[in-house]
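Participant:
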Amino acid sequence: MFPTGGGEPDFQRLAAATALLRPLTLVSGGPGTGKTHTVVRLLALLLAHPGHERLRAAIAAPTGKAAARLQEAVRQARETPGALPVPDEVRDRIPGEASTLHRLLGVVPGRSRARFGPDNPLPHDLVVVDEVSMVDLSLMARLTSAVKPGARLVIVGDRDQLASVEAGSVLGDLCDTGAEHGVPADHARDLAPLAGFPLDPWVRDEPPPARGLVVLRRNYRFGEESGIGRTTRAVNAGRSGEALELLRQAAGGEVSWRDLPAPTELPGALGPVVRAGVVPVFEALAEGRPEEAYRRLERFRILCALRAGPYGVATVNRVVEGILAREGRVPSHGGWYPGRPVLVTRNDPSLRLYNGDVGLCYADAKTGTLQVLFPTPDGGWRTLPPVRVPPCETLYAMTVHKSQGSEFDRVLLVLPDRPSPVVTRELVYTGLTRARSHVEVWGRPAVFRAAVESRAERTSGLRDRIWEGW
255 MFPTGGGEPD FQRLAAATAL LRPLTLVSGG PGTGKTHTVV RLLALLLAHP
305 GHERLRAAIA APTGKAAARL QEAVRQARET PGALPVPDEV RDRIPGEAST
355 LHRLLGVVPG RSRARFGPDN PLPHDLVVVD EVSMVDLSLM ARLTSAVKPG
405 ARLVIVGDRD QLASVEAGSV LGDLCDTGAE HGVPADHARD LAPLAGFPLD
455 PWVRDEPPPA RGLVVLRRNY RFGEESGIGR TTRAVNAGRS GEALELLRQA
505 AGGEVSWRDL PAPTELPGAL GPVVRAGVVP VFEALAEGRP EEAYRRLERF
555 RILCALRAGP YGVATVNRVV EGILAREGRV PSHGGWYPGR PVLVTRNDPS
605 LRLYNGDVGL CYADAKTGTL QVLFPTPDGG WRTLPPVRVP PCETLYAMTV
655 HKSQGSEFDR VLLVLPDRPS PVVTRELVYT GLTRARSHVE VWGRPAVFRA
705 AVESRAERTS GLRDRIWEGW
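Per the numbering used here, the very first residue in the sequence shown carries number 255; after that it's consecutive.
Set out below in structure tokens:
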């Protein structure tokens, strides 16, 4: 499942071994560290373990979009020959559907009690939750109280990302040991036969809760010298000057910088961006290929730090539509039109559409009627007439918060023209790491530096309850 690599540290393997030994496992890692790869193999390993023939497992994520991404990753691993070296019987028991946390717990809007809780726990023996950085304190409390005694809980995410928009910074607090995380000495003795590499260099004097924490360190997407990798490491360390210099020096590479244009110059500045990243969507639609148009839509995204203001989502969306209207690609009156990308803003379980889902409007080739195309978790497609789509907004730009759980080939990150309490190191890091191959940042140097030097501080008391006093 996790081949030994000649003594090279394999923290993915360590995470799976920890899940075998511990009732609670926390796996944290940045984009490209193989969190989803680890989750799938961890599931297979636990299900294949002797005595686990009747083990019931569930996989979930905080949002519909994150759940769909998790489900797609699990589906691909199950269906790819040789991807999982386990018997078919074990492969078939890996959950084929990921649900939102609210659906897993049976949370009904407007009701204080969920279907599952301490008095009626979840029936599963193993619960795996992805993208936990987006989970707020209240929802995490509901989840942990609903896991039945003796069951295993595995929570996965990126501790350096933005926290939930609601109360708490749950994953950050759970991972904040106060020092660089290693392997607690007493836990190392149990892990040693399973680790596949020497643990001595990683042994630390850690408090007992750290036994279940594993931080994935190796990045399989961004090499040590990659522009995105170097810049995000500088941002995470709070080295604002170094991060800014990397952005400025690497123009044309994986990262680049542009001084923020004045509001009146925004249409001219965004013109080339729109032609490179948005117009290809319309070209695919003109060729009668809506699925290809959707794939092109998901390769590029403008991310804004704020919703409002001269550099917020609302303004940037209007500017992009204005550019497209002047080129004759969209009507000037707005509304629904072929090529309009939309972001669902309200859950509609009856339609299996959730806050954060992305659709693309197009004209049916046979009838000319407008339809909205959505991907399905099994890798297929479905369409709805615009009138049936839940509340949504135009999506040429979105907030960094809304982009969590998504990745794009190329990203344009637009910062505001002045410092803001919500524009922090975590926001910059999250925006940068949405990009797979290239990210350009538009901003003012002073605002960028202030953001990187400012950490999001939330005081829920959770960290102190867990880590202090040992």
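By construction, the Cβ of each residue, glycine as well, lies at the ideal position given by its N, Cα and C atoms.
1) Taking only heavy atoms of the ligand ATP into account, decide whether any of them is closer than 7 angstroms to the Cβ of residue 588.
2) Here's the rule: buried if 16 or more other CB atoms are within 10 angstroms of the residue's CB, otherwise exposed. What is residue 620?
3) Closest to residue 371 by CA distance: which of 360, 491 and 570 is it?
4) Please report the Cβ distance between residue 707 and residue 492, rounded to the nearest whole angstrom; I am assuming they are in contact, meaning their Cβ atoms lie under 8 angstroms.
5) What is the DSSP secondary structure of residue 587, counted as helix, strand or coil?
6) Identify every residue that forms a DSSP beta bridge with residue 282.
7) On the three-state DSSP scale, how would you describe residue 313?
8) I'd like to know if the stretch 398 to 411 and the stretch 368 to 386 are in contact, where contact means that at least 3 CB-CB pairs between them fall below 8 angstroms.
9) May I ask you to list the residues that DSSP assigns as paired with residue 678?
10) Among the candidates 456, 560, 617 and 344, whose CA atom is the shortest distance from the CA of residue 303?
11) Distance check for residue 596 and residue 638, CA to CA, integer angstroms please.
12) Evaluate the contact criterion for the stretch 495 to 503 versus the stretch 554 to 567: three or more CB pairs, one atom per stretch, below 8 angstroms.
13) Three or more beta-carbon pairs under 8 angstroms between the stretch 639 to 646 and the stretch 577 to 585, yes or no?
14) Near residue 289, what residues of its chain come up, given a Cβ to Cβ distance below 6 angstroms and the 5 sequence neighbours on each side ignored?
15) Buried or exposed for residue 587, going by 16 or more other Cβ atoms inside 10 Å?
16) Which same chain residues end up closer than 7 angstroms to residue 436 when comparing Cβ atoms and leaving out the 5 residues on each side of it in sequence?
17) Any beta-carbon of chain D closer than 8 angstroms to the one on residue 693?
18) So, at 6 angstroms on beta carbons, what are the nonlocal neighbours of residue 695 in its own chain, with the 5 sequence-adjacent residues on each side left out?
19) With distances taken from CA atoms, which of 322, 320, 328 and 319 is nearest residue 311?
20) Return helix, strand or coil for residue 378, following the three-state DSSP convention.
21) Measure the alpha-carbon distance for residue 381 versus residue 314 and round it to whole angstroms.
22) Using a Cβ-Cβ cutoff of less than 6 angstroms, which residues in the same chain neighbour residue 415 once the five nearest sequence positions on both sides are dropped?
23) Per DSSP, residue 406 is paired with what?
24) Closest to residue 652 by C-alpha separation, out of 307, 692, 599 and 441, would be which residue?
25) With H, G and I counted as helix, E and B as strand and the rest as coil, what does DSSP make of residue 535?
26) Spatial neighbours of residue 608 within its chain, please: CB distance less than 7 angstroms, with the 5 preceding and 5 following residues excluded, ordered by chain position.
27) How big is the Cα-Cα spacing for residue 477 and residue 446?
28) Taking all protein chains shown into account, do 16 or more other C-beta atoms lie within 10 angstroms of the C-beta of residue 266, making it buried, or fewer, making it exposed?
29) Within a Cβ cutoff of 7 angstroms, which residues of the same chain sit near residue 466, ignoring the five residues on either side of it in sequence?
30) Reducing DSSP to helix, strand and coil, say where residue 692 ends up.
31) Identify the continuous alpha helix (DSSP H) that holds residue 328 and give its terminal residues.
Facilitator: Well, looking at it:
1) The model depicted lacks the ligand ATP and carries no ligand whatsoever.
2) Within the sequence shown, the letter at position 366 stands for residue 620. Exposed: under 16 other Cβ atoms inside 10 Å.
3) In the sequence shown, counting from the first residue as 1, residue 371 sits at position 117. Put simply, of 360, 491 and 570 the residue whose alpha carbon is nearest the alpha carbon of residue 371 is 360.
4) Here residue 707 corresponds to residue number 453 of the sequence shown, with the count starting at 1. Here residue 492 corresponds to residue number 238 of the sequence shown, with the count starting at 1. Contact between residue 707 and residue 492 holds: CB atoms are separated by about 6 angstroms, below the 8 angstroms threshold.
5) Counting from one through the sequence shown, the residue named residue 587 turns up at place 333. Residue 587: coil per DSSP, three-state reduction.
6) Taking the first residue of the sequence shown as position 1, residue 282 is located at position 28. Listed as beta-bridge partners of residue 282 by DSSP are 411 and 469.
7) Counting from 1 along the sequence shown, the entry for residue 313 is found at position 59. Reduced to three states, the DSSP call for residue 313 is strand.
8) In this structure the stretch 398 to 411 touches the stretch 368 to 386; the number of beta carbon pairs closer than 8 angstroms is three or more.
9) Translated into the one-based positions of the sequence shown, residue 678 becomes position 424. Answer by DSSP bridge pairing: none, since residue 678 is not bridged.
10) Walking along the sequence shown from the start, residue 303 turns up at place 49. Selected option, being the one with the closest Cα: 344.
11) Counted from its first residue, the sequence shown places residue 638 at position 384. Counted from its first residue, the sequence shown places residue 596 at position 342. Cα-Cα distance, rounded: 13 angstroms.
12) Between the stretch 495 to 503 and the stretch 554 to 567 there are fewer than three inter-stretch CB-CB distances shorter than 8 angstroms, so the stretches are not counted as touching.
13) Counting C-beta pairs closer than 8 angstroms gives fewer than three between the stretch 639 to 646 and the stretch 577 to 585, which falls short of the contact rule.
14) To locate residue 289, count along the sequence shown from 1; it is residue 35. Around residue 289: 283 and 410.
15) Against the sequence shown, residue 587 aligns to sequence position 333. Per the 10 Å Cβ criterion, exposed.
16) Position 182 of the sequence shown, counted from the first residue, corresponds to residue 436. Close CB contacts of residue 436 within its chain, under the 7 angstroms cut and outside five residues either way in sequence, are with 456, 457, 458 and 460 (chain order).
17) Among the chains in the structure shown there is no chain D, since it carries only a single protein chain.
18) As a position in the sequence shown, residue 695 is number 441, starting the count at 1. Cβ within range, chain order: 501, 511 and 667.
19) As a position in the sequence shown, residue 311 is number 57, starting the count at 1. Nearest C-alpha to residue 311 among 322, 320, 328 and 319: 328.
20) As a first step, residue 378 must be located in the sequence shown, where it is residue number 124. Note: residue 378 maps to coil in three-state DSSP.
21) Mapped onto the sequence shown, residue 381 falls at position 127. Mapped onto the sequence shown, residue 314 falls at position 60. Answer to the nearest angstrom: the Cα atoms are 8 angstroms apart.
22) Stepping through the sequence shown from its first residue, residue 415 is reached at position 161. Once the five neighbours on either side are set aside, the close Cβ partners of residue 415 are 387 and 684.
23) Reading the sequence shown from its first residue, position 152 is the one you call residue 406. Per DSSP, 380.
24) Against the sequence shown, residue 652 aligns to sequence position 398. Out of 307, 692, 599 and 441, 599 has the C-alpha closest to the C-alpha of residue 652.
25) Locating residue 535 in the sequence shown gives position 281, where the first residue counts as 1. Annotated three-state conformation of residue 535 is helix, per DSSP.
26) For the purposes of this step, residue 608 is taken as residue 354 along the sequence shown, with counting starting at 1. These residues qualify, in order along the chain: 317, 318, 319, 354, 598 and 601.
27) Counting from one through the sequence shown, the residue named residue 477 turns up at place 223. Counting from one through the sequence shown, the residue named residue 446 turns up at place 192. So the two alpha carbons sit approximately 28 angstroms from each other.
28) By one-based count along the sequence shown, residue 266 stands at place 12. It is buried - the Cβ of residue 266 has at least 16 other Cβ atoms within 10 Å.
29) Within the sequence shown, residue 466 is the residue found at index 212, counting from 1. Counting only Cβ-Cβ distances below 7 angstroms, and skipping sequence neighbours, we find 272, 276, 278, 279 and 280.
30) The residue labelled residue 692 in the question sits at position 438 within the sequence shown. In the three-state reduction of the DSSP assignment, residue 692 falls in the strand class, which pools E and B.
31) Within the sequence shown, numbered from 1, the residue matching residue 328 stands at position 74. It spans 318 to 333 - the alpha helix (DSSP H) in which residue 328 sits, taken as one unbroken run.
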